[in-house]
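Undergrad: What follows is a structure written as structure tokens; I'll ask about it next.
2 protein chains.
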Amino acid sequence: MSEIEPSIPQSRGPADHNVRDQIVDAAEAHFSHYGYDKTTVSDLAKAIGFSKAYIYKFFDSKQAIGEAICGKTLTTIVAAVEEAVAGATTPTDKFRRMFKTLASTSVSLFFNDRKLYDIASYSAGEGWPSAQTYCERIRQILTEVVREGRESGEFERKTPLDETVHVIDLVMRPYVNPLLLQYNLDVAEEAPIQLANLVLRSLAP
Amino acid sequence: MSEIEPSIPQSRGPADHNVRDQIVDAAEAHFSHYGYDKTTVSDLAKAIGFSKAYIYKFFDSKQAIGEAICGKTLTTIVAAVEEAVAGATTPTDKFRRMFKTLASTSVSLFFNDRKLYDIASYSAGEGWPSAQTYCERIRQILTEVVREGRESGEFERKTPLDETVHVIDLVMRPYVNPLLLQYNLDVAEEAPIQLANLVLRSLAP
DNA sequence: GTAGTGACTATAATCTAAACTAGTCACTCG
DNA sequence: CGAGTGACTAGTTTAGATTATAGTCACTAC
Numbered sequence: 081m082s083e084i085e086p087s088i089p090q091s092r093g094p095a096d097h098n099v100r101d102q103i104v105d106a107a108e109a110h111f112s113h114y115g116y117d118k119t120t121v122s123d124l125a126k127a128i129g130f131s132k133a134y135i136y137k138f139f140d141s142k143q144a145i146g147e148a149i150c151g152k153t154l155t156t157i158v159a160a161v162e163e164a165v166a167g168a169t170t171p172t173d174k175f176r177r178m179f180k181t182l183a184s185t186s187v188s189l190f191f192n193d194r195k196l197y198d199i200a201s202y203s204a205g206e207g208w209p210s211a212q213t214y215c216e217r218i219r220q221i222l223t224e225v226v227r228e229g230r231e232s233g234e235f236e237r238k239t240p241l242d243e244t245v246h247v248i249d250l251v252m253r254p255y256v257n258p259l260l261l262q263y264n265l266d267v268a269e270e271a272p273i274q275l276a277n278l279v280l281r282s283l284a285p
Numbered sequence: 081m082s083e084i085e086p087s088i089p090q091s092r093g094p095a096d097h098n099v100r101d102q103i104v105d106a107a108e109a110h111f112s113h114y115g116y117d118k119t120t121v122s123d124l125a126k127a128i129g130f131s132k133a134y135i136y137k138f139f140d141s142k143q144a145i146g147e148a149i150c151g152k153t154l155t156t157i158v159a160a161v162e163e164a165v166a167g168a169t170t171p172t173d174k175f176r177r178m179f180k181t182l183a184s185t186s187v188s189l190f191f192n193d194r195k196l197y198d199i200a201s202y203s204a205g206e207g208w209p210s211a212q213t214y215c216e217r218i219r220q221i222l223t224e225v226v227r228e229g230r231e232s233g234e235f236e237r238k239t240p241l242d243e244t245v246h247v248i249d250l251v252m253r254p255y256v257n258p259l260l261l262q263y264n265l266d267v268a269e270e271a272p273i274q275l276a277n278l279v280l281r282s283l284a285p
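The listed protein sequences derive, respectively, from chains V and U. Residue numbers for the first sequence follow the working numbering, so the first one is 81 and each next one is one higher. Residue numbers for the second sequence follow the working numbering, so the first one is 81 and each next one is one higher.
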């Protein structure tokens with residue numbers, strides 16, 4: 081865990097295969113319990129009752145397995161955020177809940193599933209596709225909320241949408257990116273609420 | 081560099097002493113060139129022509145020397161910020177320049193004096209007094225700018241001053257804290273400008 | 001052809017003994 | 001007494017020999 085990877089960890093073999101799922105399940109259990117580093121590919125092979133070589137018929141590398149788990153983990157956060165947004169009525173409320181849920185879900189992952197969080201954090205640090213996809217997805221959700229707010233007349237419309245989204249993304253970044261969140265745990269509960277207020281004030285028409 | 085220190089590294093002996101200055105000068109040169117870790121207290125002793133034991137008549141620990149250097153380094157940034165603020169006329173402009181100068185000076189330190197930057201970063205991570213003082217000083221300057229803006233009628237006055245300052249502090253944090261700035265280098269040039277605009281919009285009366 | 005593997009290599013992690021360093025203290029010298 | 005130090009220790013870092021691991025490939029069995 082030190083070099084900058086070209087980071088295109090592919091999957092091999094059939095995308096939908098029983099053994100692939102077994103690998104992913106075993107990896108999730110092992111990574112969560114022992115951590116990414118302390119889990120060997122042989123451990124995973126043993127767990128599913130196949131040889132190590134067979135695992136490489138489905139994954140390009142250990143990192144590719146890590147990515148799969150990381151992706152699953154980050155998808156959990158995205159799902160919580162999506163649910164929060166869906167459960168709100170006004171765009172203002174959607175934004176507030178989005179930001180708050182994002183941070184609290186991540187913090188909860190940090191404390192309850194530290195080993196998985198660490199993979200996510202490492203993933204973000206190395207710019208793995210799983211982390212990038214995650215950030216993009218969050219931005220998409222944000223874009224949707226802002227657009228809706230503009231359409232309903234709640235938010236100002238002068239600034240280009242991209243620009244507005246980008247700067248809000250900058251505000252949220254310390255709480256979106258798992259690598260950064262670690263350093264902001266002390267304020268991760270209240271900051272999103274206060275920052276949401278600030279952002280919303282700046283969005284006033 | 082691993083444990084959480086109780087972090088009250090004191091100075092010993094006379095605060096104003098020729099030898100103390102010599103130590104600090106030698107430390108600055110050595111830390112800047114070889115880094116904090118690779119510099120031994122004996123190296124510093126040799127550089128000033130005294131024994132290692134004598135150094136401990138002036139500093140409690142190696143960390144205390146590190147703090148002194150770190151303090152000097154961070155003071156450089158503060159000075160640049162103060163100058164930028166002083167050179168601006170309106171509070172709006174002061175805030176813009178403050179934020180921009182803060183980030184650009186820090187980034188420049190990162191690239192031109194990496195070894196010293198690393199000490200500052202470590203210092204921030206461990207919550208050394210030098211880093212805390214720095215953050216407080218930045219906040220003071222910010223408070224002054226906001227208050228001035230309120231008095232001149234440029235900024236809104238409803239929100240309690242503390243609250244306003246705190247949330248702006250949260251926005252600036254990723255660019256103030258050397259530990260965090262590292263991870264934001266990719267946006268450290270433009271982000272302060274865009275975030276300043278966002279903050280200023282939210283401050284509109 | 002498909003499902004699966006043992007044996008292999010180059011690289012990375014781990015272990016351990018030796019070397020080094022932070023910090024102290026009793027001491028000297030003027 | 002005040003300026004300054006050599007010699008010491010407990011804890012840490014390092015080097016380098018050893019072991020473990022990621023990843024490949026030629027192969028078997030069906």
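Glycine included, every Cβ here is placed at the ideal spot set by N, Cα and C. Computed from a predicted structure; not experimentally measured.
1) Should Tyr263(V) be flagged as near chain U, meaning a C-beta pair shorter than 8 Å?
2) Are the C-beta of Ser282(U) and some C-beta of chain V separated by less than 8 Å?
3) Measure from the alpha carbon of Ser186(U) to the alpha carbon of each residue in Lys126(U), Val251(U) and Glu269(U), then state which is nearest.
4) By Cβ distance, which residues of its chain are closer than 6 Å to Ala107(U), with the 5 residues on each side in sequence left out?
5) What are the start and end residues of each continuous alpha helix (DSSP H) run of 4 or more residues lying completely inside the stretch 166-248 of chain U, in chain order?
6) What residues from chain U crowd round Ala271(V), counting only those whose CB sits closer than 7 Å?
7) Please name the residue, chosen from Ser122(V), Pro272(V) and Val225(V), that lies closest to Ser131(V) on a Cα-to-Cα basis.
8) Report the residue ranges of all alpha helix (DSSP H) runs contained in full by the stretch 113-162 of chain U; include only those spanning at least 4 residues, in chain order.
9) Spatial neighbours of Thr156(V) within its chain, please: C-beta separation below 8 Å, excluding the five flanking residues on both sides.
10) Can you tell me whether Val245(U) sits near the ligand FMN, meaning its C-beta is under 7 Å from at least one heavy atom of the ligand?
11) Buried or exposed: which applies to Phe111(U), given that a residue is buried once 16 or more other Cβ atoms fall within 10 Å of its Cβ?
12) If you follow the alpha helix (DSSP H) that Asn277(U) is part of, which residue opens it and which one closes it?
13) Let's see if you can read the secondary structure: which residues bound the alpha helix (DSSP H) around Pro258(U)?
14) CA-CA distance, Ser201(U) and Ser210(V)?
15) Quick one: grab the DSSP three-state call for Ala22(U).
16) Please report how far the alpha carbon of Leu278(U) lies from the alpha carbon of Val247(V), in whole angstroms.
17) Can you look up Pro285(V) in the DSSP assignment and give me helix, strand or coil?
18) From the beta carbon of Lys254(U), is the nearest beta carbon of chain V less than 8 Å away?
19) Should Leu280(V) be labelled buried (16 or more other beta-carbon atoms within 10 Å of its own) or exposed?
20) With a 10 Å radius around its C-beta and 16 neighbouring C-beta atoms as the bar for buried, classify Pro240(V) as buried or exposed.
21) How should Arg230(U) be labelled, buried or exposed, when 16 other C-beta atoms within 10 angstroms of its C-beta is the threshold for buried?
22) Skipping 5 residues on each side, what residues in its chain have a beta carbon closer than 8 Å to that of Asp193(U)?
23) Taking 8 Å as the threshold (beta carbon to beta carbon), is Val225(U) in contact with chain V?
24) Using C-beta distances below 7 Å, list every residue in its chain close to Val165(V), excluding the 5 sequence neighbours before and after it, in chain order.
25) Just how far apart, CA to CA, sit Glu236(U) and Lys142(V)?
26) So Gln274(V) contacts chain U; which residues on that side make the cut at Cβ distance below 8 Å?
27) If the cut is a Cβ gap below 9 Å, which residues of chain V does Val267(U) touch?
28) Taking C-alpha atoms, which residue in Gly151(V), Gln212(V), Tyr116(V) and Ala284(V) lies nearest to Glu234(V)?
29) My assumption, with CB atoms under 8 Å, is that Tyr214(V) sits in contact with Val158(V). Please give the rounded CB distance.
TA: Looking at the coordinates:
1) For the purposes of this step, residue 263(V) is taken as residue 183 along the first sequence, with counting starting at 1. By this cut-off, Tyr263(V) is an interface position.
2) For the purposes of this step, residue 282(U) is taken as the residue at position 202 of the second sequence. True, the Cβ-Cβ gap to chain V drops below 8 Å.
3) Looking up residue 186(U) in the second sequence gives position 106. Nearest of Lys126(U), Val251(U) and Glu269(U) to Ser186(U), Cα basis: Glu269(U).
4) Residue 107(U) sits at position 27 when you count from the first residue of the second sequence. For Ala107(U), where only same-chain residues beyond five positions count, the Cβ hits under 6 Å are Leu124, Ile145 and Ile149.
5) 171-192, 194-206 and 209-231
6) As a position in the first sequence, residue 271(V) is number 191, starting the count at 1. The answer, in chain order, is Leu250.
7) Start at 1 with the first residue of the first sequence, and residue 131(V) comes out as number 51. Cα-wise, what sits closest to Ser131(V) is Ser122(V).
8) 121-128 and 132-135
9) As a working note, residue 156(V) is residue 76 in the first sequence. Correct list, in chain order: Thr185 and Leu189.
10) Here there are no bound small molecules, and the ligand FMN is not part of this structure.
11) Here residue 111(U) refers to the residue found at position 31 when the second sequence is read from its first residue. Buried.
12) As a working mapping, residue 277(U) is identified with position 197 in the second sequence. Asn277(U) -> alpha helix (DSSP H) spans Ala271 to Ser282.
13) Walking along the second sequence from the start, residue 258(U) turns up at place 178. Unbroken alpha helix (DSSP H) run through Pro258(U): Pro258 to Leu261.
14) Taking the second sequence and counting its residues from 1, one reaches residue 201(U) at position 121. Taking the first sequence and counting its residues from 1, one reaches residue 210(V) at position 130. If you take the alpha carbons of Ser201(U) and Ser210(V), they lie about 28 Å apart.
15) Because chain U in this structure spans residues 81 to 285, residue 22(U) falls outside the shown range and cannot be described.
16) Here residue 278(U) refers to the residue found at position 198 when the second sequence is read from its first residue. Here residue 247(V) refers to the residue found at position 167 when the first sequence is read from its first residue. Cα-Cα distance, rounded: 8 Å.
17) Translated into positions along the first sequence, residue 285(V) becomes position 205. The answer is coil: DSSP assigns Pro285(V) none of H, G, I, E or B.
18) As a working note, residue 254(U) is residue 174 in the second sequence. Note that residue 254(U) is Pro in the sequence shown here, rather than Lys. Yes, Pro254(U) counts as interfacial toward chain V.
19) For this step, residue 280(V) is matched to residue 200 along the first sequence. Burial call: buried.
20) Working through the first sequence from its first residue, we reach residue 240(V) at position 160. So Pro240(V) counts as exposed.
21) For the purposes of this step, residue 230(U) is identified with residue 150 of the second sequence, where counting begins at 1. Looking at its Cβ environment, which holds 16 or more other Cβ atoms inside 10 Å, Arg230(U) is buried.
22) Here residue 193(U) refers to the residue found at position 113 when the second sequence is read from its first residue. Contacts found: Ser112 and Thr153.
23) By one-based count along the second sequence, residue 225(U) stands at place 145. No, no contact with chain V.
24) Reading the first sequence from its first residue, position 85 is the one you call residue 165(V). The answer, listed in chain order, is Lys174, Arg177, Met178, Ile221 and Val225.
25) The residue you call residue 236(U) lines up with position 156 of the second sequence. The residue you call residue 142(V) lines up with position 62 of the first sequence. Between Glu236(U) and Lys142(V), the C-alpha separation is close to 54 Å.
26) Working through the first sequence from its first residue, we reach residue 274(V) at position 194. Going along chain U in sequence order, the residues near Gln274(V) (Cβ under 8 Å) are Glu243, His246, Val247 and Leu250.
27) Stepping through the second sequence from its first residue, residue 267(U) is reached at position 187. Ordered by position in chain V, the residues that pass the 9 Å Cβ test against Val267(U) are Leu250 and Arg253.
28) Translated into the one-based positions of the first sequence, residue 234(V) becomes position 154. With distances taken between Cα atoms, Glu234(V) lies closest to Ala284(V).
29) Here residue 214(V) refers to the residue found at position 134 of the first sequence. Here residue 158(V) refers to the residue found at position 78 of the first sequence. Rounded, the Cβ-Cβ distance is 7 Å, consistent with contact.
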